[in-house]
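Single-structure report; data block below.
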Amino acid sequence: MAKKIFVVGMACLLTLWLVGCYEYRGPYTQADVEEYLTGRYPDETINIRKKELQTWDCWFDDLPDAVFQVWVGQGGGDPVPMLYSRLVSDEAKVIPAYYMEQYQKEGGSLDAWELSYNILGTKYTSIADAALALEQLSAFFAWIESKPLAQLVPKGQYNFQPELPWRTYSPQFHSFQEAVVQGPKDTSEAVQEALEDSVKKYYAFYLLHCDEFSQTELEDYAVKTWPWTPKPGIRQGEETLPPELLAGIGLESGVISYGGLYTLLTRLDFDVKGTAEHFTVTGADGHSYEFSYSFWEEREMDWTNNQTITLPVWYHLRDGYPVAVEGETSWFYRGPVIDLDAGWNIDTHNGYIHFYMPFREITGLTVS
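Just so we're aligned: 131 in this note's numbering is position 115 of the sequence shown, and the numbers increase by one with no gaps anywhere.
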């Protein structure tokens, strides 16, 4: 009998580890809800009214019109994949939405902003795009400063979305973003400077013309941002190149842009024809190369949970044939960039497969 109980117990434990289980810790009472909320907001007077089975309407004395809910949700266990019931609430969503609505009823404007999933966000591609959003959010934060529960209003997030892939991957938009965050204590001047830096960094990295900053401003920013010292060390044969030769060439995540490659080849006295955005050159290996920011195509790539996503993939021409990194979703692999110390197999179209290291073969340089 004992052996049978042991076997059954082990089977249950194995099942728990493999598929997990759900434990309902209830029923919950209004006293449980009160304990849950007062633990989160000990200095606030909170009203609770049962709405339906295991769901309650609640509000703070100071905000009677901002009614939020508490209900029974799920929590997770670690390391055992057990799910269990717990109280959850949505005041962090309801109260910011309430304040935004009240502010706009009083004549304020937030039409440059969107509250989604408890995030207050806006998109910009230039400083001009962000100027109105900055003005609106600064005024809103000034209005809300003395309001009760104002700490529940989220910070604003400016999401930089330029044309070429950049920085942080955002699967829901199939694009990249660089975010600047503004909180109630941040000055407009500090946020403005951060926004300007994000735009300068993008244009200086890709070596693109920018209507909002002069070429001199971008060059000065690049030299300050990418000094190439003390590392990485770039070698030409036995000689390590001086950092001054590389300073100002954008280096992010171990890659330089096509524009950065153009600058480097020019400084090394290669016979480069064209512009930073589209150029041809004969590499140190004797092969002909052509690079352009317009060389890209959309491809389907594997994503999580057996899904596929469609992303733009940049390529360059080697002896007239396109070469690109296959199956990589990160911008610093599939974007218009060259890795300093990486390679992949390519078809040389003469019956051979070649392990290709573009930076080394085109420039004749190595990384140490």
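Glycine is no exception: its CB is placed at the ideal position from the N, C-alpha and C atoms.
Alpha-carbon to alpha-carbon, residue j and residue i
{"i": "W330", "j": "E314", "result": "9 Å"}
{"i": "F371", "j": "H332", "result": "16 Å"}
{"i": "T282", "j": "I354", "result": "16 Å"}
{"i": "I135", "j": "E268", "result": "27 Å"}
{"i": "Y277", "j": "S125", "result": "The question names Tyr, but residue 277 in the sequence shown is Leu. Each residue's alpha carbon lies about 45 Å from the other."}
{"i": "T241", "j": "P248", "result": "14 Å"}
{"i": "D287", "j": "H294", "result": "14 Å"}
{"i": "A292", "j": "V197", "result": "32 Å"}
{"i": "D285", "j": "L356", "result": "19 Å"}
{"i": "T279", "j": "A300", "result": "15 Å"}
{"i": "P4", "j": "P352", "result": "The requested residue 4 is not part of the displayed model; the chain covers only 17 to 384."}
{"i": "W360", "j": "Q208", "result": "41 Å"}
{"i": "L327", "j": "S154", "result": "36 Å"}
{"i": "L234", "j": "P170", "result": "33 Å"}
{"i": "C226", "j": "D213", "result": "13 Å"}
{"i": "T54", "j": "E151", "result": "36 Å"}
{"i": "G253", "j": "Y309", "result": "30 Å"}
{"i": "Y222", "j": "T61", "result": "55 Å"}
{"i": "L180", "j": "V88", "result": "44 Å"}
{"i": "E130", "j": "K109", "result": "13 Å"}
{"i": "G123", "j": "Q323", "result": "45 Å"}
{"i": "P200", "j": "F156", "result": "9 Å"}
{"i": "D236", "j": "A206", "result": "20 Å"}
Beta-bridge partners of residue i, as assigned by DSSP
{"i": "H370", "result": "I362"}
{"i": "I143", "result": "Note: I143 sits in no beta bridge, so no partner."}
{"i": "I325", "result": "M317"}
{"i": "H332", "result": "V339"}
{"i": "D355", "result": "V271"}
{"i": "H294", "result": "T291 and S308"}
{"i": "K66", "result": "W72"}
{"i": "R102", "result": "G89"}
{"i": "Y174", "result": "T138 and V196"}
{"i": "E130", "result": "G137"}
{"i": "F157", "result": "The partner list for F157 (beta bridge, DSSP) is empty, contrary to what the question assumes."}
{"i": "E255", "result": "Q252"}
{"i": "L79", "result": "F76"}
{"i": "V383", "result": "I250"}
{"i": "F16", "result": "The requested residue 16 is not part of the displayed model; the chain covers only 17 to 384."}
Residue i burial status per 10 Å Cβ neighbour count (16 or more: buried)
{"i": "G290", "result": "exposed"}
{"i": "N321", "result": "exposed"}
{"i": "Y368", "result": "exposed"}
{"i": "W244", "result": "buried"}
{"i": "S384", "result": "exposed"}
{"i": "S273", "result": "buried"}
{"i": "F189", "result": "With a pLDDT of 46 at F189, under the threshold of 50, the predicted position of this residue should be treated as unreliable, and no value is reported."}
{"i": "I160", "result": "buried"}
{"i": "R56", "result": "exposed"}
{"i": "Y337", "result": "exposed"}
{"i": "V271", "result": "buried"}
{"i": "S346", "result": "exposed"}
{"i": "Y115", "result": "buried"}
{"i": "Q231", "result": "exposed"}
{"i": "W319", "result": "exposed"}
{"i": "Y219", "result": "buried"}
{"i": "A82", "result": "buried"}
Cut-off 7 Å between Cβ atoms - residues of its own chain near residue i, not counting five sequence neighbours on either side
{"i": "K66", "result": "Q46 and W72"}
{"i": "R334", "result": "H303 and Y305"}
{"i": "G266", "result": "A220, F221, A238, W242, I272, S273 and G276"}
Cβ neighbours of residue i in the same chain (closer than 6 Å, five flanking residues each side left out)
{"i": "T364", "result": "H370"}
{"i": "K217", "result": "none"}
{"i": "A12", "result": "What is shown of the chain runs 17 to 384, which leaves residue 12 out entirely."}
{"i": "K139", "result": "N175 and Q177"}
{"i": "I362", "result": "V339, H370 and Y372"}
{"i": "F348", "result": "S269 and V271"}
{"i": "L257", "result": "I250"}
{"i": "V297", "result": "L281, F286, V288 and Y305"}
{"i": "F22", "result": "Confidence is the limiting factor: at F22 the pLDDT is only 45, short of 50, which leaves the residue's position unreliable and the question unanswerable from this model."}
Beta carbon proximity, residue i to chain D, threshold 8 Å
{"i": "A263", "result": "In the structure shown, chain D does not exist; there is a single protein chain."}
Other residues of its chain near residue i: CB distance less than 8 Å, five sequence neighbours each side excluded
{"i": "Y52", "result": "V86, L103 and S105"}
{"i": "E377", "result": "G299, A300, D301 and H303"}
{"i": "P43", "result": "Q70"}
{"i": "D11", "result": "For the chain, the structure presents residues 17 to 384; residue 11 sits outside this window and is missing."}
beta-carbon residue i near the ligand FAD non-hydrogen atom, thresh 7 Å
{"i": "G123", "result": "With respect to small molecules bound, the structure shown includes none, and the ligand FAD cannot be examined in it."}
Next on the checklist: Which runs of the alpha helix (DSSP H) at least 4 residues long sit entirely within the stretch 176-234? Give them in chain order.
Outcome noted: 204-222
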